[in-house]
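Asker:
There are 6 protein chains.
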Amino acid sequence: MKLKGKRVVMLAEEGFEDLELWYPVIRLREEGCEVIIAGSGSKSTYKGKYGLSVTVDKTVEEISEDDFDGILVPGGWAPDKLRRYKSVTKLVRNFWEKNKLLATICHGGWVFISAKVLDGYKMTCVNAIIDDIKNAGAEYIDREVVVDRNLITSRTPKDLPAYMREIIKFLETQEV
Amino acid sequence: MKLKGKRVVMLAEEGFEDLELWYPVIRLREEGCEVIIAGSGSKSTYKGKYGLSVTVDKTVEEISEDDFDGILVPGGWAPDKLRRYKSVTKLVRNFWEKNKLLATICHGGWVFISAKVLDGYKMTCVNAIIDDIKNAGAEYIDREVVVDRNLITSRTPKDLPAYMREIIKFLETQEV
Amino acid sequence: MKLKGKRVVMLAEEGFEDLELWYPVIRLREEGCEVIIAGSGSKSTYKGKYGLSVTVDKTVEEISEDDFDGILVPGGWAPDKLRRYKSVTKLVRNFWEKNKLLATICHGGWVFISAKVLDGYKMTCVNAIIDDIKNAGAEYIDREVVVDRNLITSRTPKDLPAYMREIIKFLETQEV
Amino acid sequence: MKLKGKRVVMLAEEGFEDLELWYPVIRLREEGCEVIIAGSGSKSTYKGKYGLSVTVDKTVEEISEDDFDGILVPGGWAPDKLRRYKSVTKLVRNFWEKNKLLATICHGGWVFISAKVLDGYKMTCVNAIIDDIKNAGAEYIDREVVVDRNLITSRTPKDLPAYMREIIKFLETQEV
Amino acid sequence: MKLKGKRVVMLAEEGFEDLELWYPVIRLREEGCEVIIAGSGSKSTYKGKYGLSVTVDKTVEEISEDDFDGILVPGGWAPDKLRRYKSVTKLVRNFWEKNKLLATICHGGWVFISAKVLDGYKMTCVNAIIDDIKNAGAEYIDREVVVDRNLITSRTPKDLPAYMREIIKFLETQEV
Amino acid sequence: MKLKGKRVVMLAEEGFEDLELWYPVIRLREEGCEVIIAGSGSKSTYKGKYGLSVTVDKTVEEISEDDFDGILVPGGWAPDKLRRYKSVTKLVRNFWEKNKLLATICHGGWVFISAKVLDGYKMTCVNAIIDDIKNAGAEYIDREVVVDRNLITSRTPKDLPAYMREIIKFLETQEV
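Chains as they are written, first to last, in the working numbering: chain A, 3 to 178; chain B, 3 to 178; chain C, 3 to 178; chain D, 3 to 178; chain E, 3 to 178; chain F, 3 to 178.
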C-alpha cells in the first residue's frame, strides 16, 4: 500500500462517467489512500451515466485544500454541472495555487476551464472538448496520459490504467 | 404563413434537448418553412434527452448551404456529439461565410465554437458554457434572446418563445 | 404577438402526448397568450408518454371558465385519466355552455365525450376513437384540422402546425 | 381439467394489461383448454403495460371462428391498438354472429365497440370507458363480473377471480 | 370454490418472478382461499423482475404458522433476498415442523435450503440451482411438478398450470 | 507493472455486478496482465446489474486453461446463468485441476459449487449463499478476503481493494 496517509477529493455530480469515478476511487483505496467524495450540494446521491450510484461524503464547501493532496474530476456529464458552481471552481483553483495534484479524464477538463487554471499546461481530453481546452490556453496532446507538473489528464475510460499509474506515482513521490 | 419558400436545416444527434429541437421544427413548418433534419450519419433515428425521437432526412454531407436560408442547432448532449464531426463544423462554417442564419440555444454554442465562427459576436447560452464561448471570442449577454447580425441565440427551453419570434422575423425579412 | 390579454387552460394528466401538450403551450406563449396548466389534482407533476414532464399551475377545481378564453386537451393517455373526473368534465362543459374555445387533438376527444358536448359537431380525431366520437353524436371528418364553431380538432402530432394556426386565428378574432 | 377439447383465442397488442392477458391464458391452460395468442400482425412479440412480454402464435387473419369456442380481449392500451384493425373487428364480429364466447375486462370493451356488437348487452368495464360503451348501446352495470348471454365482462384486475370463474363455467357448459 | 376457509401465505421480496407470485395468488383467491402476502420487512411494496408490483399485507414476524394451511415462495431474485432473514427461514421451518404445505417454483428452493428442511425430499427446481438443492439433501427430479408429502415444487413459469393443480388438490384434501 | 506476461480469464454473463467485473479487469490491465473476457456464448455483449456493458472476447469453448494463469468470476446474477453451462463448469474445473488461480466475489461462488471444486476450501462469499457453499463442502469465513491455496474469495464490492491486493500478490509470486 503505497499511499498510506495520503488524502484526495473526488468530485461527483449527476451523470458522472461510472468507471471514471469508481475506478480511481477504489484504486486509491487499494493503496491505502483516503478518498472523500465531494458534491456540489445539489443532492446527496448521484447516478452515473450508465446507472451506478455514488453517495457523497461532503459538499465542496466543507472541503479545504489544506487537508488533501489532490483533487480528481470524473468525466461524463458531471463536469457540465460542476463547473456552474463557484464553490467548485474556487476549490479547484485553491488546489492549483498550492501546486497540489489536479487530475481529470474525458470531459472533466471543463471544470478546470471554468476554474481558469489551464493556461500554459500541456494536457489531453476527450476529442469533443479539444477546442475548449485550447481556447482556455492549454496545449492539447493526443496521448493516453499527459503529466505536466501537477496536472494529470487522460482521454477516455480505456486510458484508466495509464491514468492511475501516473496518479499513484505522483502522490507517492509528492512530499507531504 | 410568413415563411413560404424558405428552407432551413435542423441538426440532430443523440441526446438532443427534446423541445429545443422539436419546437423550432414544428414552429417553422407552421409558417410554411421547409425544415430538413440533418444528422452526422452515425444513426438514422436519434433519441432526445427526455425520450422523444427524431428521424433524420439527410446526413450533413448531403446538405449544401446554397439550398438553405439558415441552420439551427438544438441543445442537450447532441452538440457535444455534433462538434466532433468535420462534416458538421464545415457545413456550419459555410453558412457563416455566406452570412446565412445561424441559430442555437442552450449547449448548442459548442458546435459554433468548433466551427470557429464565434469570434466577435455578441451572444447568449446556457450558463454552463459561458466560459467556453467567451474563450472562443464571443461576448456573453444574459438575455432571453440575443440577435447579432446573422447569429440568434437563446439560453434554455424557457426562452423558446422569444427565440422563435426572432428567428421568424430574421427569415421573413432576409432577402432570398 | 397576436394574443396579448388572452388566457387559456391546458389540461394535464399522466401519459399526455408530449408534443401535443408542449407545442400548443409554448406556441400560445409566443403570441403573448397566458397559459395555465390545470390538473385533476391527482399529482402536481405529470410525465408524458415519451418522457417530458409538466408541472401544473392549478387544479381544475381552482379554474373558472369566466377567467379564460378557451380550454385545450392534449392526446396520449391523459384523456383516459381526465375523463374520469367529474370536476374535469364539468369544467369542459362550462366552457362549452359559454361558447368558448374547445380544442383537442388525437385521443383528447374522449374528454369531450364524457363532458357530453360533442352532439352535432363536425370534428376529427385519431383513428382509434372514431367510433367513440360518432357514437357520441359527432360527425367525423378526416382532415388535418376541423373547425366547427367553437370546436377545433386535429388528428395526430403531424397536424400540430395546422391545429395551432386555427387556434390562434380563433382566439385572435374572438371578442373578449 | 374441465375444458379438455375446448379452444379459445386471446388477442394481444402492445401495452396489454399484463395480468389481464396472462392470468386467463394460464388459467384456461390449467383446465386443459387450448389457448392461441393472436396479434394484429404489427409485431410478433408485445410488451405489457408493466413489463411482461407475450409472443403471438398467429395473426388474426390466420384465425377462423369455426375452430374456436370463444375470444378474449385483455385491457391496458392494447384494445386502443387492436380496434384500429379491420381484421380484428371482423374476427370479433364473426364470433358474435355465431354466439360464441366474447369476454373482456377493463378497456377491452373498445374492441367490441368498434366491432359493433355491444348494442343491447348488459355489461361492465373500467370506469374510464363507461360513456363509450353506453353510447354504443350497452347497459352498464357496476359489478365484478357481468354475464349476458355470450358476453362476459369485468372491470379491473381485482375482478380476475370472478371473471375466470364465469368464463370457465360458460365454456364448460357450452355445447361444442 | 374448493378452498373456502383455507388460508395460505405468499412470501414477497424485491425481484420476485412476476407470474410465479401473481398467478398462484389470484388462482387461490379464485377458489375462495385467503392469501396473505408477507414480506421480510425491508419494504412495503416490491417490484417484480419484469415490472409488476406487489404490496405486502404483513411482515413475516406478524405471521404464525398456526393460522395458515401452507406457505408459498415465488422464484426470481426474491428468494436470494428472503433466505437472508432469520425471521423468514424460521417461519418456513415452523410450517415444515407441522407438516403444512410448502410450495415453491424456480429459484424458490433457496429459501428452503436456508430453512434446512429439504433433506430427504424429492423435488424439482430451475436447472440453475439443482446442485444447491442436491447438496442440501434433496433428490432432484426433472418433471413439471413434484409432490413429496407436504412439499410441492415446479421448475419455471411454464409449469404454473400443473403446479397450481397439485397445490389446490393438496389444500382441498388436507384436513384442517 | 507487476504482471507483465501474465494472462487471466474473466467470465461474463447477463446481470454481472458491474464493478466486480470491471474493477478487476482494469486493475489487472494496469499491472500489465492480459485479461480475456469470456462468455457462455449466449450473447456477445452483456449488460451489468446496474447498467454497464461488456463485450466478450471469446466464448469459454475457445479458452484453454493451459494459456492462462487464472480465472475470475464476477458476482451479480451472472453466476446464476454461468453455472448452467457444462462448458463453463468444465473450464473452471480444469483450472482447479492444474492448481491455477480461482478467484470470485459475492455470488460468484455458485459457479464453483456447480464445478464441484469447493470441497475442503476455506472461503468467503455474500451472506445469501453461505448455506450453499457450506453444503458444497467449503468452510465459510466472514472476512474481506480469504486466501486458501489457489482460491481467493471476497464478499461484496466494498472488499474489492483487499480482493485485488491478494489476487495481484498471488499472480506475481506464482511461477509460470
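Even for Gly, the Cβ is constructed at its ideal location relative to N, Cα and C.
On a predicted model such as this, the values are computed, not experimentally measured, just so you know.
1. How many angstroms separate the CA atom of residue 43 of chain E from the CA atom of residue 60 of chain E?
2. Does chain D have any CB closer than 8 Å to the CB of residue 12 of chain E?
3. Under three-state DSSP, which class holds residue 113 of chain A?
4. What residues in its chain sit with their C-beta under 6 Å from that of residue 105 of chain C, if we drop five residues either side in the sequence?
5. Between which two residues does the alpha helix (DSSP H) holding residue 64 of chain C run?
6. Under 9 Å between beta-carbons, which chain E residues line up against residue 123 of chain D? List them in chain order, please.
7. Is residue 70 of chain A helix, strand or coil by DSSP?
8. In chain order, which beta strand (DSSP E) runs of at least 3 residues are fully inside the stretch 123-172 of chain B?
9. Would you report the Cα separation of residue 161 of chain D and residue 79 of chain E, rounded to the nearest angstrom?
10. With a cut-off of 8 Å, does the C-beta of residue 133 of chain F fall near any C-beta of chain E?
11. Indicate the three-state DSSP secondary structure (helix, strand or coil) for residue 51 of chain E in the structure shown.
12. Comparing the C-beta of residue 115 of chain C with each C-beta of chain D, is any distance below 8 Å?
13. According to DSSP, simplified to helix, strand and coil, what is residue 5 of chain E?
14. Any C-beta of chain C sitting closer than 8 Å to the C-beta of residue 24 of chain B?
15. Residue 135 of chain A to residue 130 of chain B, Cα distance in whole Å?
16. Note down, in chain order, every chain C residue with its Cβ under 7 Å from the Cβ of residue 163 of chain B.
17. If we count the other Cβ atoms within 10 Å of its Cβ and call it buried at 16 or more, is residue 29 of chain E buried or exposed?
18. Between residue 164 of chain B and the rest of its own chain, which residues show a CB-CB distance below 7 Å, the 5 nearest in sequence each way excluded?
19. For residue 106 of chain B, write down the residues that DSSP places opposite it in a beta bridge.
20. Taking 8 Å as the threshold (beta carbon to beta carbon), is residue 68 of chain E in contact with chain F?
21. How about residue 96 of chain F: is its C-beta nearer than 8 Å to some C-beta of chain E?
22. Within the continuous beta strand (DSSP E) that includes residue 36 of chain E, where are the two ends?
23. Anything in the stretch 131-155 of chain C with a Cβ closer than 7 Å to a Cβ of chain D? List those residues in chain order, please.
24. Which value, in whole angstroms, describes the spacing of the CA atoms of residue 158 of chain D and residue 132 of chain D?
25. Name, going along the chain, the residues of the stretch 49-67 of chain E whose beta-carbon falls closer than 7 Å to a beta-carbon of chain D.
26. Nearest by alpha-carbon distance to residue 90 of chain E: which of E:123, E:51, E:63, E:120 is it?
27. DSSP on residue 58 of chain C, reduced to helix/strand/coil?
28. Would you list, in chain order, the members of the stretch 73-93 of chain E that have their beta-carbon closer than 8 Å to a beta-carbon of chain D?
29. Rounded to a whole number of angstroms, what is the C-alpha to C-alpha distance between residue 172 of chain B and residue 48 of chain B?
30. Pair every Cβ in the stretch 31-43 of chain E with every Cβ in the stretch 98-117 of chain E, then say whether three or more of these pairs are closer than 8 Å.
31. Closer than 9 Å by beta-carbon distance: list the chain F residues that pair up with residue 20 of chain A, in chain order.
32. Output yes if chain A places a C-beta closer than 8 Å to the C-beta of residue 129 of chain B; else output no.
33. Who are the neighbours of residue 167 of chain C on chain H, taking C-beta pairs under 7 Å?
Answerer: Inspection of the coordinates gives the following:
1. 8 Å
2. no
3. helix
4. 74, 154, 169
5. Looking at the DSSP string, residue 64 of chain C is not in any alpha helix (DSSP H), and its letter there is neither H nor E.
6. Simply none; closest approach about 24 Å.
7. coil
8. 147-150, 153-156
9. 28 Å
10. yes
11. coil
12. yes
13. coil
14. yes
15. 15 Å
16. 28, 31, 32
17. buried
18. 146, 147, 156
19. B:75, B:155
20. no
21. no
22. 36-41
23. 133, 134, 137, 138
24. 13 Å
25. 52, 53, 54
26. E:63
27. coil
28. none
29. 29 Å
30. no
31. 20, 21, 24, 52, 53, 54
32. yes
33. No chain H is present in this structure, whose protein chains are A, B, C, D, E and F.
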